[in-house]
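Single-structure report; data block below.
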Amino acid sequence: MIARQITYFGQPAVVICDAKCGKAWGINCRPRVTLSDDPDDYAFLADAELGEAPADPGTYEGSDAKPTEPAERLNRWCVRECERSAMSKPGKANETVAVRDFSQRDFNQPWKHSPHTPASGALKIEEADRG
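Here the sequence shown stands for residues 1 to 131, where the numbers follow UniProt numbering.
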């Protein structure tokens, strides 16, 4: 786990990350499965269900892209786009924050599903539009 104190909208905040950049797709590009007719009922696939993420998923924050070297980690892309990072609330840099656990599927509406909902052949794997 890595961490860095930043200034976010003029307030101190802390960003943490699991440093698994090879598995970072970006929140808008990470493959997911749709679980019902409700477009908000989906689960991001677990790391074990995916290969390596693209070195450049095609998303940027200002001039920052997904890090390609350790010295670039916890940049603006990481803070705003990376699904593997978490940030404290601005002005609350002493609060505890936790990153998502992608060792299993991450459900957008977890109250609808048990944490061990099996993959079904009927589920359509979606990959967000990269354009």
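Glycine included, every Cβ here is placed at the ideal spot set by N, Cα and C.
Does any residue of chain D have a CB that is nearer than 8 Å to the CB of Gly26? In the structure shown, chain D does not exist; there is a single protein chain.
From what residue to what residue does the alpha helix (DSSP H) around Cys78 run? 76-80
Closest to Asn43 by CA distance: which of Ser88, Asp101, Arg105 is it? Asn is not the amino acid found at residue 43; the sequence shown has Ala there. It is Arg105 whose Cα lies nearest to the Cα of Ala43.
Pop quiz: Pro67 and Gln11 are said to be a contact at Cβ under 8 Å. What is the actual Cβ separation, rounded to whole angstroms? The Cβ separation is near 24 Å, so there is no contact.
Residues near Asp18 by beta carbon distance below 7 Å, same chain, minus five either side: Met1, Arg84, Val99
Please work out which residues of its chain come closer than 7 Å, Cβ to Cβ, to residue 132, disregarding the five sequence neighbours upstream and downstream, and give them in chain order. An answer regarding residue 132 cannot be provided, because it is not within the stretch 1 to 131 covered by the chain.
Closer than 6 Å by C-beta to Arg30: which residues in its own chain qualify, once you throw out the five before and the five after it? Chain order, please. Phe44, Glu83
Taking the beta strand (DSSP E) that Ala86 falls in, what are its first and last residues? 85-87
Is it buried or exposed for Asn75, if we count other Cβ within 10 angstroms and need 16 for buried? buried
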